[in-house]
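This report refers to the structure that appears directly beneath it.
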Amino acid sequence: MSVTSEIRAGAPVEEIKIVVNSLYLSLEYLLGRIEAASGPEAAAEARQALIENLRSGDIDMAIMESRKTYDFVLSVAESLPVPGDRTASAH
4 MSVTSEIRAG APVEEIKIVV NSLYLSLEYL LGRIEAASGP EAAAEARQAL IENLRSGDID
64 MAIMESRKTY DFVLSVAESL PVPGDRTASA H
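Counting with our numbering, you get residues 4 to 94 for the letters of the sequence shown.
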C-alpha cells in the first residue's frame, strides 16, 4: 500500500466516507490508549493539541485548498470525544 496525501480522481463518495470514518475511529482509539497509559488529562491535552495544530496550520493543510474542506476536517477533529468526559457524545 502506498502512502499518499491525495485521493485519486473519481474516488467514490462511499469510499471516501469509509476512509474518513476509519481515520476518526483510529484517532478515537489512539486517544483511548493515551488515556489508559497516561490518564484522561493527557488524552484531553493530546486532543486539544490536535485541534489547535489544525487551526493554526502547524499540521500541513496545504492539501486542503478550500475553506469548506478545511472546516470539515476541523469539525471531525472537534467531534472526537473529550477523554474523561463520559457525557460527551461520540461521532
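Virtual Cβ for every residue (Gly too), placed ideally from N, Cα, C. Remember, predicted model here, so these are calculated numbers, not experimental data.
Span of the alpha helix (DSSP H), counted from its first residue to its last, around Gly35: Where Gly35 is concerned, the enclosing alpha helix (DSSP H) stretches over 16-41.
If the criterion is Cβ atoms closer than 8 angstroms, does the pair Leu26 and Ala49 meet it? No, they are not a contact pair.
Buried versus exposed, by CB contacts within 10 Å (16 or more), Ala46: Buried.
Whole-angstrom distance between Ser82 and Ile37, CA atom to CA atom: Here the alpha carbon of Ile37 sits roughly 17 angstroms from the alpha carbon of Ser82.
Inspect the beta-carbon positions of Leu57 and Val85 and report whether they are closer than 8 angstroms. At a Cβ-Cβ threshold of 8 angstroms, Leu57 and Val85 do not count as neighbours.
Using the three-state DSSP reduction, which class does Ala83 fall into: helix, strand or coil? For the sequence presented, residue 83 should be read as Leu rather than Ala. Under the three-state reduction of DSSP output, Leu83 falls in the coil class, being neither helix nor strand.
As a quick exercise: from Asp74, Ser69, Gly42, pick the residue whose alpha carbon is nearest that of Ile54. It is Asp74 whose Cα lies nearest to the Cα of Ile54.
Measuring straight from C-alpha to C-alpha, what distance separates Ser59 and Ala52? Ser59 and Ala52: Cα-Cα distance of roughly 10 angstroms.
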